[in-house]
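Chemist: In the numbering used here, the protein residues as written are 200 to 398.
There's a structure below that I have some questions on.
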């Protein structure tokens, strides 16, 4: 069977793919929630930075939204290895972001601000790539689905990518605070308006 050939039992295949997606996203949620729990358990171990917590909230909201939206992949009639590989890579981006937000230790750094700013190119590079992959993922679910999100979706995604590029180049705390707050606020707004039902 060639990669482009239609695969029988697309629902069973989707369930097979969904298991791997669930494993990857489960690791992401575990990393984020464990990191938050560690901050509560040992508040004085490393200085907390509100901007870092903002991006933790953004990442957690995005993982939950991604997990919810991926149910729409059950409507795909023809699964290929290329599509399967893409979905796995896309899901893995959230794990990379989670690990970047909560490394195994911060012994080399003064706290989360020092750590985050020193790794901002990696974090915002992965964040921008994740948003770009989201556009592809949305298109895979169907052009009608992409159109249903309106021009706002593409404009917001483009703005996020551009701001991520700026974030890789500046250490300005005000910029980073505003970017984090805006990203969280928009994700909450988007979720309320678009994630209420899968019908």
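Where is the CB? At the ideal position from N, CA and C, for every residue including glycine.
Just mark residue 386 as buried or exposed, buried being the case when its beta carbon has 16 or more other beta carbons within 10 Å.
Modeler: Residue mapping note: residue 386 aligns to position 187 of the chain shown, counting from 1. By the neighbour-count rule (16 or more Cβ atoms within 10 Å), residue 386 is buried.
Chemist: In whole angstroms, give me the CA-to-CA distance for residue 353 and residue 334.
Modeler: Locating residue 353 in the chain shown gives position 154, where the first residue counts as 1. Locating residue 334 in the chain shown gives position 135, where the first residue counts as 1. Spanning the two alpha carbons is a distance of roughly 8 Å.
Chemist: Give me the Cβ distance between residue 244 and residue 297, rounded to the nearest whole Å; I'm assuming they're in contact under 8 Å.
Modeler: Taking the first residue of the chain shown as 1, we reach residue 244 at position 45. Taking the first residue of the chain shown as 1, we reach residue 297 at position 98. Incorrect: roughly 19 Å between the Cβ atoms, too far for contact.
Chemist: What does the alpha-carbon distance come out to for the pair residue 316 and residue 370?
Modeler: Position 117 of the chain shown, counting from 1, holds the residue named residue 316. Position 171 of the chain shown, counting from 1, holds the residue named residue 370. C-alpha separation (whole angstroms): 6 Å.
Chemist: Look at the Cβ atom of residue 365, then the Cβ atom of residue 257, and state whether they are nearer than 8 Å.
Modeler: Walking along the chain shown from the start, residue 365 turns up at place 166. Walking along the chain shown from the start, residue 257 turns up at place 58. No, the pair does not count as a contact, with Cβ atoms beyond the cut-off.
Chemist: Based on Cα-Cα distance, which residue from 246, 268, 255, 253 lies nearest to residue 393?
Modeler: Stepping through the chain shown from its first residue, residue 393 is reached at position 194. Among 246, 268, 255, 253, the Cα nearest to that of residue 393 belongs to 268.
Chemist: Is DSSP giving residue 277 helix, strand or coil here?
Modeler: As a first step, residue 277 is located in the chain shown; it is residue number 78 there, counting from the start. Of the three classes helix, strand and coil, the one that applies to residue 277 here is coil, per DSSP.
Chemist: For residue 250, count the other beta carbons within 10 Å of its own beta carbon; 16 or more makes it buried, fewer makes it exposed. Which is it?
Modeler: Translated into the one-based positions of the chain shown, residue 250 becomes position 51. Residue 250 is buried by the Cβ-count criterion.
Chemist: Any idea what DSSP makes of residue 247, helix, strand or coil?
Modeler: Mapped onto the chain shown, residue 247 falls at position 48. Coil at residue 247, not helix or strand.
Chemist: Under DSSP, the alpha helix (DSSP H) around residue 310 begins and ends at which residues?
Modeler: As a first step, residue 310 is located in the chain shown; it is residue number 111 there, counting from the start. It is not in any alpha helix (DSSP H) - residue 310 carries neither H nor E in the DSSP assignment.
Chemist: Between residue 262 and the rest of its own chain, which residues show a CB-CB distance below 8 Å, the 5 nearest in sequence each way excluded?
Modeler: For the purposes of this step, residue 262 is taken as the residue at position 63 of the chain shown. So the list reads 224, 227, 228, 231, 293, 297, once near-sequence residues are dropped.
Chemist: Does the distance from the CB of residue 309 to the CB of residue 246 come in under 8 Å?
Modeler: Along the chain shown, read from residue 1 onward, the residue named residue 309 stands at position 110. Along the chain shown, read from residue 1 onward, the residue named residue 246 stands at position 47. A contact, by the Cβ cut-off of 8 Å.
Chemist: Are the CB atoms of residue 289 and residue 332 within a distance shorter than 8 Å?
Modeler: As a first step, residue 332 must be located in the chain shown, where it is residue number 133. As a first step, residue 289 must be located in the chain shown, where it is residue number 90. Contact flag set, yes.
Chemist: If you run the structure through DSSP and keep just helix, strand and coil, what is residue 372?
Modeler: For this step, residue 372 is matched to residue 173 along the chain shown. Residue state, collapsed to three classes: helix.
Chemist: According to DSSP, simplified to helix, strand and coil, what is residue 318?
Modeler: Position 119 of the chain shown holds residue 318. Coil at residue 318, not helix or strand.
Chemist: In terms of alpha-carbon separation, which member of 323, 286, 388, 287 lies closest to residue 351?
Modeler: The sequence position of residue 351 within the chain shown is 152, counting from 1. That would be 388, whose Cα lies nearest to the Cα of residue 351.
Chemist: If we count the other Cβ atoms within 10 Å of its Cβ and call it buried at 16 or more, is residue 253 buried or exposed?
Modeler: Taking the chain shown and counting its residues from 1, one reaches residue 253 at position 54. Residue 253 should be labelled buried.
Chemist: Between residue 318 and residue 299, how many whole angstroms is the CB-CB distance? I'm expecting something under 8 Å.
Modeler: In the chain shown, the residue the question calls residue 318 occupies position 119. In the chain shown, the residue the question calls residue 299 occupies position 100. Residue 318 to residue 299, Cβ: 6 Å. Contact.
Chemist: Who are the near neighbours of residue 233 in its chain, counting only those whose CB is closer than 6 Å to its CB and skipping five residues on each side?
Modeler: For the purposes of this step, residue 233 is taken as the residue at position 34 of the chain shown. Counting only Cβ-Cβ distances below 6 Å, and skipping sequence neighbours, we find nothing.
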